[in-house]
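Residue numbers (my numbering), protein chains in the order written: chain A, 53 to 460; chain B, 931 to 1096. Quick reminder that beta carbons are idealized off the backbone N, C-alpha and C, glycines included. These numbers were taken from a predicted model, which means no experiment stands behind them.
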Amino acid sequence: MNEFAAQHPILVVALPKIVVLLFVLLTALAYLTWFERKVVAHIQARWGPYRVGPHGLLQPLADGVKFLFKEDVTPAGADKFAYFLAPFLALSLAITSIAVIPFGPKEFSVFGQSTPLSITNLNIGLLVLFAITSMGVYGVVLAGWASNSKYPLLGGLRSSAQMVSYELALTMSVVGVILMAGTFNLSEIVNAQQGFHWGFVPRWNLIGSPMPQVLGFFLFFTSAIAETNRAPFDLAEAESELVAGFHTEYASFKFAMFFMAEYASMITVSCLATILFFGGWLSPFPQTPIWAWTHYIPAAVFAAAGLALIVHGVRYITMFGRVVLPAMGVALCGLGVLCGQPGVLDFVQGPFWFLLKITIFLFIYVWVRGTLPRFRYDQLMGFGWKLLLPLAIFNVVITSLAIVWTQR
Amino acid sequence: MTPQIAMFLVLAAVAVAGAVSLILQRHPIHSALSLITVMVALAGLYLLQGAEFVAAVQIIVYGGAIMVLFVFVIMLLNAGEEERTNMSRMARYVGVPLGVVFMIEIAYWIGSATLHLNAPASGVVSTRDLSNLLFREYVFPFELTSFLILIALLGALVLARREESE
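Put into structure tokens, the structure is as follows:
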């Protein structure tokens, strides 16, 4: 088997990695919709999905089945080719971008082949991400145009103008980080953020030296929300004005593909924000012996969550819930125990902190959506061009000056 | 056949097919889509030559920015399918012969050139090397080009404004 792996590294290592990551990502997408509905519901003092499975946990599955069995209508005047191409373009580009994200520092070996915790580790990882994002506009534009209907056309026009405008601010806002790291490679950008101020404050780029990228981070996250067409910048699909914007005429699974593309870009942006400004997989605690106990945090978190789930689950209303929830709790406890094992302990550090940071960003995404009202269109364009872009350029100038000053 | 040559042939075929389809398509949006295909295939060819940065920038600038603008304008003007007309006398007696001569010329030069399909000349060109070249050795031509683009931008702005005031 090892010889076979050495001869065909793509077949044995890369392909299974892609399959596993796709599986995890698509499941995460499905449950992100559940997460969003739950969080928004609680912000608005509602319960959210509750009926399909305990705490609505089977809701994504039910939604998926519903999407699959709905009638797939194509408008009579639609441009068939572009109409079919648009959702494929949107989803495939959104999913492709996850391929360059590194999830942890450790290499793991499959049949003697050592491989990093990402599908590829490119020297131009960040540029590839921006290239894919810039192509993502076409999904929206083509969908709006090909539907041959007025609301999608207006929605498509709006969002293409918006995405082109905010792409500038998005790209300019990360230049500070690139200047500080001196590379486009995402793993190296994370590694450049190692170390601590005064022994305990992590030197992540957000508060890094020589120039803290606080401004850069806020610019990045704001324009990224606009770039992914999420509230409060979701003018492409403003219900009150444009029905559902560019995907009004899409039904069934083609609509689901746009939906999934939006959530996949949310995950990518959260990964990118984590990598660029919050130290990626780096733990917030120093790696000195005094802080060695922090290595057990993943194990403790999983075990505590599992115990809470068991305690809560045995008193759940439905019989099904009283079986499923404690079972999930037991599985989480098992995961916690596994994370405490000596061999696994080091390996889970990177992925655990990375996933925790991503989850926090996803929560902020939903939080923002539940809190802020939508922009007016002229305000949106003015905000992007007159405030975000000049601030981003200012950030680049200040950061370069700080770097020149300290390296003199 | 090495993987490089196979990749080259595939990408070249896609680029040529996209270019032909760009001319033959009757709807402007389909033509724009074909042009995007050509751009992406070209980026793939650059990548094959080890020019990572150029490939990424090709997609970001041409595929992402400029072509989005094209598509945007086509959508905004709601351009319909173009009508096919017969060739004008000018095209028939001057354009076609010139085109044929040009084709023969290109075919001759390609035929007499020696092909180096195997490997990029000096491995992967890093972004650092490229920027050193751009901002140290060729900084004057580089700045001059950006100045030209700025002048073109200003010219467009002035033309647009004059129309508005009248």
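Just verifying my parser: in three-state terms, what is the DSSP assignment at residue i?
{"i": "VAL253 (chain A)", "result": "strand"}
{"i": "THR126 (chain A)", "result": "coil"}
{"i": "THR167 (chain A)", "result": "strand"}
{"i": "SER212 (chain A)", "result": "helix"}
{"i": "ARG1091 (chain B)", "result": "helix"}
{"i": "ARG421 (chain A)", "result": "helix"}
{"i": "GLN111 (chain A)", "result": "helix"}
{"i": "ARG282 (chain A)", "result": "coil"}
{"i": "LEU334 (chain A)", "result": "coil"}
{"i": "PHE236 (chain A)", "result": "coil"}
{"i": "LEU174 (chain A)", "result": "coil"}
{"i": "SER261 (chain A)", "result": "coil"}
{"i": "GLU1013 (chain B)", "result": "coil"}
{"i": "ASP1059 (chain B)", "result": "helix"}
{"i": "PHE155 (chain A)", "result": "coil"}
{"i": "VAL104 (chain A)", "result": "coil"}
{"i": "ASN200 (chain A)", "result": "coil"}
{"i": "PHE1002 (chain B)", "result": "helix"}
{"i": "ASP27 (chain A)", "result": "Nothing about residue 27 (chain A) can be reported from this structure: the residues present for chain A run from 53 to 460 only."}
{"i": "ARG956 (chain B)", "result": "coil"}
{"i": "TYR368 (chain A)", "result": "coil"}
{"i": "SER317 (chain A)", "result": "helix"}
Based on the DSSP output, what are the partners of residue i in its beta bridges?
{"i": "PHE248 (chain A)", "result": "A:PRO254"}
{"i": "THR451 (chain A)", "result": "DSSP output for THR451 (chain A) lists no bridge partner at all."}
For residue i, count neighbouring Cβ atoms within 10 angstroms of its own Cβ and tell me buried if that reaches 16, exposed if not.
{"i": "GLY994 (chain B)", "result": "buried"}
{"i": "LYS409 (chain A)", "result": "buried"}
{"i": "VAL71 (chain A)", "result": "exposed"}
{"i": "GLU1035 (chain B)", "result": "exposed"}
{"i": "PHE354 (chain A)", "result": "buried"}
{"i": "ARG428 (chain A)", "result": "exposed"}
{"i": "LEU1064 (chain B)", "result": "exposed"}
{"i": "GLY1029 (chain B)", "result": "exposed"}
{"i": "LEU209 (chain A)", "result": "buried"}
{"i": "GLN246 (chain A)", "result": "exposed"}
{"i": "PHE285 (chain A)", "result": "buried"}
{"i": "TYR302 (chain A)", "result": "buried"}
{"i": "TYR976 (chain B)", "result": "buried"}
{"i": "PRO1027 (chain B)", "result": "exposed"}
{"i": "SER261 (chain A)", "result": "exposed"}
{"i": "THR320 (chain A)", "result": "buried"}
{"i": "PHE1032 (chain B)", "result": "exposed"}
{"i": "VAL1069 (chain B)", "result": "exposed"}
{"i": "SER212 (chain A)", "result": "buried"}
What does a CB cutoff of less than 8 Å around residue i pick up in its chain, not counting 5 residues either side in sequence?
{"i": "ALA316 (chain A)", "result": "LEU77, LEU81, LEU143, ALA146, ILE147, SER149 and ILE150"}
Can you name the residues of chain B whose CB is closer than 9 Å to the CB of residue i?
{"i": "MET232 (chain A)", "result": "By Cβ distance, chain B contributes nothing, its closest Cβ being about 15 Å from MET232 (chain A), past 9 Å."}
{"i": "LEU205 (chain A)", "result": "MET1005 and ASN1008"}
{"i": "ARG213 (chain A)", "result": "It should be noted that the sequence gives Ala, not Arg, for residue 213 (chain A). Result: PHE1002."}
{"i": "SER452 (chain A)", "result": "Result: empty, since nearest Cβ-Cβ is about 13 Å, beyond 9 Å."}
Near residue i, which residues of its chain fall below 7 Å by C-beta distance, leaving aside the five closest residues on each side in sequence?
{"i": "TYR218 (chain A)", "result": "SER275, ALA278, GLU279 and GLY436"}
{"i": "SER1076 (chain B)", "result": "none"}
{"i": "TYR190 (chain A)", "result": "LEU141"}
{"i": "ILE966 (chain B)", "result": "GLY993 and MET997"}
{"i": "PHE406 (chain A)", "result": "PHE155, GLY156, THR326, GLY332 and TRP333"}
{"i": "MET380 (chain A)", "result": "LEU361"}
Taking only beta-carbon positions, decide if residue i is within less than 8 Å of chain C.
{"i": "TRP99 (chain A)", "result": "You won't find chain C in this structure, because its protein chains are A and B."}
Residue i touches chain B at which residues, Cβ-Cβ below 7 Å?
{"i": "ALA138 (chain A)", "result": "Near ALA138 (chain A) there are no residues of chain B at all, since even the closest Cβ is about 11 Å away, more than 7 Å."}
{"i": "LEU328 (chain A)", "result": "Those do not exist, as LEU328 (chain A) stays about 17 Å from chain B at its closest Cβ, beyond 7 Å."}
{"i": "MET224 (chain A)", "result": "In chain order: nothing, as chain B lies at least about 13 Å away."}
{"i": "TRP197 (chain A)", "result": "ILE959 and MET1005"}
Give the interface partners of residue i over in chain A, defined as CB-CB distance under 7 Å, in chain order.
{"i": "ALA986 (chain B)", "result": "ILE176, LEU179, VAL180 and ALA183"}
{"i": "ALA982 (chain B)", "result": "The residue you asked about is not Ala; residue 982 (chain B) is Glu in the sequence shown. Result: ASN175 and ILE176."}
Among residues of its own chain, excluding the 5 on either side of residue i, which ones have a beta-carbon nearer than 6 Å to its beta-carbon?
{"i": "SER225 (chain A)", "result": "GLY268, LEU271, PHE272 and ALA444"}
{"i": "MET312 (chain A)", "result": "LEU81 and LEU143"}
{"i": "ALA283 (chain A)", "result": "ARG421"}
{"i": "LEU397 (chain A)", "result": "HIS347"}
{"i": "PRO350 (chain A)", "result": "CYS391, VAL400 and PHE404"}
{"i": "VAL968 (chain B)", "result": "ALA945, GLY948 and ALA949"}
{"i": "GLN339 (chain A)", "result": "none"}
For residue i, which residues in chain A fall below 8 Å Cβ to Cβ?
{"i": "SER961 (chain B)", "result": "Correct list: empty, because the minimum Cβ distance to chain A is about 12 Å."}
Run down chain B in chain order and give the residues with a C-beta less than 8 Å from the C-beta of residue i.
{"i": "GLY208 (chain A)", "result": "MET1005"}
{"i": "SER186 (chain A)", "result": "ILE989, ILE990, GLY993, GLY994, ALA995 and VAL998"}
{"i": "ALA134 (chain A)", "result": "ILE959, HIS960 and LEU963"}
{"i": "VAL189 (chain A)", "result": "GLY994 and VAL998"}
{"i": "VAL193 (chain A)", "result": "VAL998, VAL1001, PHE1002 and MET1005"}
Name, please, each residue of chain A whose Cβ falls closer than 9 Å to the Cβ of residue i.
{"i": "THR1057 (chain B)", "result": "ASN175, ILE176, LEU179, THR235 and PHE236"}
{"i": "PHE1072 (chain B)", "result": "None at all; the shortest Cβ gap to chain A is about 18 Å."}
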